[in-house]
Amino acid sequence: MDYSILFIILTWGLNVVDATVDAHLKGFDISDNLSLQIRPTILQGSSTAGMSFVFTLGGKSSKAITSQTK
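Heads up: take any position in the sequence shown, counting from 1, add 13, and you land on the working numbering.
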């Protein structure tokens with residue numbers, strides 16, 4: 014088999030993979046409005062200290078408590 018045919022098939026396959034990745038990431042937010050804030054918190058109704066990480070992506074905030082100590 015000629016190596017040029019293998020090269021063409023490999024190039025076509027890489028083009029398909031590149032197009033698939035580009036289509037998947039079309040709506041991905043690449044703005045500079047990304048931030049991480051660390052805020053110590055005390056949970057309501059208990060004497061447990063915790064730490065929360067607040068991720069702000071494009072003006073939307075999602076808060077998750079990641080660790081607690083007694």
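Just so you know, even glycine gets a beta-carbon here, dropped at the ideal spot from N, CA and C.
Classification of residue i by the beta-carbon crowding that lies within 10 angstroms, buried from 16 upward
i            : result
serine 74    : Note that serine 74 scores a pLDDT of 48, beneath 50, so its modelled location is shaky and nothing firm can be said.
lysine 83    : Note that lysine 83 scores 47 on pLDDT, short of 50, meaning its location in the model is unreliable; the coordinates nonetheless yield the value given after this. So lysine 83 counts as exposed.
aspartate 15 : exposed
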